[in-house]
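These notes concern the structure reproduced below.
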């Protein structure tokens with residue numbers, strides 16, 4: 012195992028397309044739910060414990076060898092918003108392209124053939140971690156961190172928020188991220204033995220509603 016590979020996979024400069032997505036922050040800013048660092052922290056905490064937990068468990072389960080098709084169907088079932096499903100598959104397709112270039116593997120090639128329009132991003136993230144020789148905990152951390160780092164970065168642009176304040180939000184959430192990644196891995200291990208119904212199905216209804224609203228905007232800064 013090369014932990015350095017985790018740095019590559021989690022790096023915001025890794026060409027996986029995440030920079031074009033706000034993780035629901037753009038809609039939340041326009042709705043007045045994010046106005047400052049404190050409300051950004053509240054938003055990210057909610058996202059971490061819902062979308063972040065689900066993504067972390069899906070990614071960890073993929074590393075553990077759970078069938079990607081079953082995981083993708085589980086991700087679909089846990090994503091009511093068509094707009095979010097489309098965004099997740101678009102991100103998965105881009106991530107798969109980058110992962111195949113970085114860590115060529117027959118498994119990634121097979122997934123590309125199986126899902127020509129893209130599998131859900133957390134599933135691909137787990138498969139990329141597996142190809143890179145990483146473990147389920149690494150994948151869970153990466154997915155959970157992405158769930159809050161994306162909105163934080165986007166809010167700096169959307170509100171001209173002080174980047175130091177935004178980084179402080181991520182630092183304060185770190186202990187919760189540790190606990191959530193552990194919970195995601197535990198759920199993934201249950202899924203490996205009991206099936207994908209053991210995966211968490213935490214939801215954030217405002218994220219789903221906001222995604223549909225955002226998708227209908229004629230002009231937007233971020234794709235989702």
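Residue numbers (our numbering): 12 to 235. Even glycine gets a Cβ: it sits at the ideal position worked out from N, Cα and C.
{"Query": "Residue of 115, 161, 93 minimising C-alpha distance to residue 32", "Result": "161"}
{"Query": "Span separating the alpha-carbon of residue 103 from that of residue 130", "Result": "5 Å"}
{"Query": "Distance between beta carbons of residue 218 and residue 35, contact taken as under 8 Å", "Result": "5 Å"}
{"Query": "Buried versus exposed call for residue 125 [16 or more other C-beta atoms within 10 Å across all chains shown]", "Result": "exposed"}
{"Query": "Inter-residue Cα distance where the pair is residue 83 and residue 69", "Result": "9 Å"}
{"Query": "Stretch pair the region 90-106 + the region 171-189: three plus CB contacts closer than 8 Å", "Result": "no"}
{"Query": "With 16 other Cβ atoms within 10 Å as the buried cut-off, status of residue 236", "Result": "This structure gives no information on residue 236, because the portion of the chain shown stretches from 12 to 235."}
{"Query": "Stretch-stretch touch, CB-based, cutoff 8 Å, three pairs: the region 222-232 with the region 83-102", "Result": "yes"}
{"Query": "Rounded distance between the beta-carbons of residue 196 and residue 147, thought under 8 Å", "Result": "5 Å"}
{"Query": "Any 3 or more C-beta pairs closer than 8 Å across the region 107-116 and the region 164-180", "Result": "no"}
{"Query": "Terminal residues of the alpha helix (DSSP H) in which residue 224 lies", "Result": "216-226"}
{"Query": "Among 181, 199, 222, the one whose alpha carbon lies nearest that of residue 50", "Result": "181"}
{"Query": "Closest residue to residue 117 among 156, 37, 143, 205 (Cα-Cα distance)", "Result": "143"}
{"Query": "Where residue 26 falls, given that 16 or more other Cβ within 10 Å makes a residue buried", "Result": "exposed"}
{"Query": "Cut-off 8 Å between Cβ atoms - residues of its own chain near residue 28, not counting five sequence neighbours on either side", "Result": "101, 102, 105, 106"}
{"Query": "Assigned exposure category for residue 37 - 16 Cβ within 10 Å defines buried", "Result": "buried"}
{"Query": "Check whether residue 149 and residue 17 have beta carbons under 8 Å apart", "Result": "yes"}
{"Query": "Among 66, 20, 41, 22, nearest to residue 230 - alpha-carbon criterion", "Result": "41"}
{"Query": "Residue environment, residue 153, which counts as buried when at least 16 other CB atoms sit within 10 Å", "Result": "buried"}
{"Query": "Close Cβ partners of residue 58 (< 8 Å) along its chain, the five nearest in sequence each way excluded", "Result": "34, 35, 158, 159, 162, 215, 218"}
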